[in-house]
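Going down the list, the sequences are from chains X and D. Numbering (the working numbering) for the first sequence: 1 to 110. Numbering (the working numbering) for the second sequence: 1001 to 1118.
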Amino acid sequence: QSALTQPASVSGSPGQSITISCTGTSSDVGTYNYVSWYQQHPGKAPKLMIYEVSNRPSGVSNRFSGSKSGNTASLTISGLQAEDEADYYCSSYTSSSTFWFGGGTKLTVL
Amino acid sequence: EVQLVESGGGLVQPGGSLRLSCAASGFTFSRYWMSWVRQAPGKGLEWVANIKEDGSENYYVDSVKGRFTISRDSAKNSLYLQMDSLRAEDTAVYYCARGWGRSGWLLWGQGTLVTVSS
């Protein structure tokens, strides 16, 4: 078993929308709606942005949204802003009662 | 203030041991699963271990099974990670995180750096 699969990098211009994919298997993403997404700025701790596929914690901008289809979850950021530039990680609960993270995606705001 | 503060990191030789601590404050520690998540320099996040609210269950990533032990002390509002037989690949910033059932981690500490090197 290996980590969830994310693109290494994505980019977009201010105001545009981007989507980051997170592909797992039927033992994790495909079976459980326990997919979460984290934003991490350099030198900082991760911040929860989406939990249970599509829910936002209090205080997280509604520009961030999540979805899932089959074994692939997605994070969409609309109306890109400079401060969105960061690393993004997905995570999923697994059938072994453990958790996987994706390899991370570096978002560049052009 | 609701927070998690890790301590105990440092430089250790391969094969050595280290014990990390995480002090919780501002919330009822005994009501939450707790986890350790690590991040090797320049690399991504890796879940390491978690422990149930009452300490009766714990789970580990395969790469640390038999070497690391997670524990907690509700009287001291503290989480621990005993790390034995350390390897160079265990070098990372170790974060303590408060679990939200199976839904992820809403609260994180600032991290403590563990360096395994001779």
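Ideal Cβ positions, reconstructed from N, Cα and C, are used throughout, including at glycine. Only a predicted model underlies this, so the values are computations on that prediction, with no experimental measurement involved.
**Message:** What would DSSP say about X/S61, mapped onto helix, strand or coil?
**Reply:** coil
**Asked** Is D/G1104 near D/Y1095, with beta carbons less than 7 Å apart?
**Response** no
**Given 8 Å, three or more beta-carbon pairs between the segment 67-84 of chain X and the segment 17-26 of chain X** = yes
**Residues that D/E1006 bridges to, as DSSP identifies them** = D/C1022
**Message:** Pairs of beta-carbons, one from the segment 6-19 of chain X and one from the segment 79-95 of chain X, closer than 8 Å: are there three or more?
**Reply:** yes
**Request:** Quick one: give me the first and last residue of the beta strand (DSSP E) that X/A86 is part of.
**Result:** A86 to Y93
**Closer than 8 Å at the beta carbon, the chain D residues around X/S36** = S1103, G1104 and W1105
**Asked** Which residues mark the beginning and the end of the beta strand (DSSP E) in which D/G1101 is found?
**Response** Run containing D/G1101: none; DSSP gives neither H nor E here.
**Asked** How is the beta strand (DSSP E) around X/K106 delimited, first residue to last?
**Response** T105 to V109
**Prompt:** Does any residue of chain X bring its CB to less than 7 Å from the CB of D/L1079?
**Reply:** no
**Asked** How is D/D1090 classed by DSSP in three states: helix, strand or coil?
**Response** helix
**Asked** By the criterion of Cβ-Cβ separation under 7 Å, what are the contact partners of X/G103 in chain D?
**Response** G1044
**Message:** Given this structure, state the Cα-to-Cα distance separating D/R1019 from D/G1009, to the nearest angstrom.
**Reply:** 8 Å
**Message:** Whole angstroms are fine: how far does the CA of X/V29 sit from the CA of X/S58?
**Reply:** 24 Å
**Prompt:** Hey, is the segment 1067-1074 of chain D in contact with the segment 1040-1052 of chain D, meaning 3+ C-beta pairs nearer than 8 Å?
**Reply:** yes
**Prompt:** Can you name the residues of chain D whose CB is closer than 9 Å to the CB of X/P7?
**Reply:** Per Cβ cutoff of 9 Å: no residues; X/P7 is ~13 Å from chain D at best.
**Message:** Across the segment 1024-1039 of chain D and the segment 1072-1079 of chain D, are there enough close Cβ pairs to call them in contact, namely three or more that are closer than 8 Å?
**Reply:** yes
**Message:** If the criterion is Cβ atoms closer than 7 Å, does the pair X/H41 and X/A3 meet it?
**Reply:** no
**Residues of the segment 89-103 of chain X whose Cβ lies closer than 8 Å to any Cβ of chain D, in chain order** = Y89, S91, Y93, S96, S97, T98, F99, W100, F101, G102 and G103
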